[in-house]
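Participant:
Residue numbers (my numbering): 11 to 174.
(1) Between 103, 124, 102, which lies nearest to residue 112 when the distance is taken from Cα to Cα?
(2) For residue 102, which of helix, strand or coil comes out of DSSP?
(3) In this structure, how does DSSP classify residue 137 when only helix, strand and coil are distinguished?
(4) So, for residue 59: in the same chain, excluding its five sequence neighbours on each side, which residues have a beta-carbon less than 7 Å away from its beta-carbon?
(5) Taking the alpha helix (DSSP H) that residue 120 belongs to, which residues open and close that run?
(6) Indicate the three-state DSSP secondary structure (helix, strand or coil) for residue 90 in the structure shown.
(7) Does the stretch 86 to 105 come close enough to the stretch 48 to 55 that 3 or more CB-CB pairs lie under 8 Å?
(8) According to DSSP, is residue 74 helix, strand or coil?
(9) Going by Cα to Cα distance, which pick from 132, 43, 122, 99 is closest to residue 62?
(10) My understanding is that residue 33 touches residue 66, with C-beta atoms under 8 Å, so please give their C-beta distance in whole angstroms.
(11) Anyone know if the C-beta pair for residue 141 and residue 98 falls short of 8 Å?
(12) Hey, residue 35 and residue 76: beta-carbon distance below 8 Å or not?
(13) Kindly list the residues whose CB is nearer than 6 Å to the CB of residue 56, restricted to its own chain and excluding five residues on each side of it in sequence; keep chain order.
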């Protein structure tokens with residue numbers, strides 16, 4: 011008598027994946043990359059697999075099949091991958107140092123900070139804040155804040171007092 015009822019898990023092949031021919035998959039793959047990556051639709055919070063399917067004149071099952079087979083992930087993970095890559099760039103860019111995480115999350119297409127943090131952690135194994143701090147420690151010159159341009163002493167363009 012066995013103590014545990016252990017059975018081998020068999021991976022099911024989604025039936026709809028075989029409906030898409032390899033040639034059509036390759037065509038859709040290129041079109042998906044064009045729209046999501048090059049047109050930067052990944053930044054659009056409201057750009058769903060359904061909208062992508064409509065733009066490509068196909069259905070969501072085909073989109074799902076192509077993303078699963080050609081990119082080895084689901085649609086959400088596929089889109090989030092590009093969002094996180096963009097976030098990694100923004101987090102270490104001097105021009106965006108003053109932005110908070112909500113601002114960055116919004117800029118790259120996440121609808122809330124929690125999903126941004128969860129996706130970022132899943133990809134990088136650390137939070138966006140930890141990623142930024144780690145990068146700044148490795149590149150201390152990025153910590154220097156750009157100096158604001160002030161008025162020269164004796165300048166004629168003095169500010170006028172606000173009168174109420």
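Cβ coordinates follow ideal geometry from the N, Cα and C atoms, glycine included. Model, not experiment: these values are computed from the prediction.
Facilitator: Taking the coordinates as given:
(1) Position 102 of the chain shown, counted from the first residue, corresponds to residue 112. Here the closest residue by C-alpha is 124.
(2) Within the chain shown, residue 102 is the residue found at index 92, counting from 1. Note: residue 102 maps to coil in three-state DSSP.
(3) What you label residue 137 is simply residue 127 of the chain shown in a count that begins at 1. Residue 137: coil per DSSP, three-state reduction.
(4) One-based indexing of the chain shown puts residue 59 at position 49. The residues are 70, 73, 74, 85.
(5) By one-based count along the chain shown, residue 120 stands at place 110. Element bounds for residue 120: n/a, residue is neither H nor E.
(6) Translated into positions along the chain shown, residue 90 becomes position 80. Here residue 90 sits in helix by DSSP.
(7) yes
(8) As a working mapping, residue 74 is identified with position 64 in the chain shown. Looking at residue 74 - three-state DSSP - the assignment turns out to be helix.
(9) For this step, residue 62 is matched to residue 52 along the chain shown. Of the candidates 132, 43, 122, 99, the one whose C-alpha sits nearest the C-alpha of residue 62 is 43.
(10) Position 23 of the chain shown holds residue 33. Position 56 of the chain shown holds residue 66. No, residue 33 and residue 66 are not in contact; Cβ-Cβ is about 15 Å, not under 8 Å.
(11) Here residue 141 refers to the residue found at position 131 when the chain shown is read from its first residue. Here residue 98 refers to the residue found at position 88 when the chain shown is read from its first residue. Taking 8 Å as the Cβ cut-off, residue 141 and residue 98 qualify as a contacting pair.
(12) The residue you call residue 35 lines up with position 25 of the chain shown. The residue you call residue 76 lines up with position 66 of the chain shown. Going by C-beta atoms, residue 35 is nearer than 8 Å to residue 76.
(13) One-based indexing of the chain shown puts residue 56 at position 46. Closer than 6 Å at the Cβ level, and outside the excluded window around residue 56, lies no residue.
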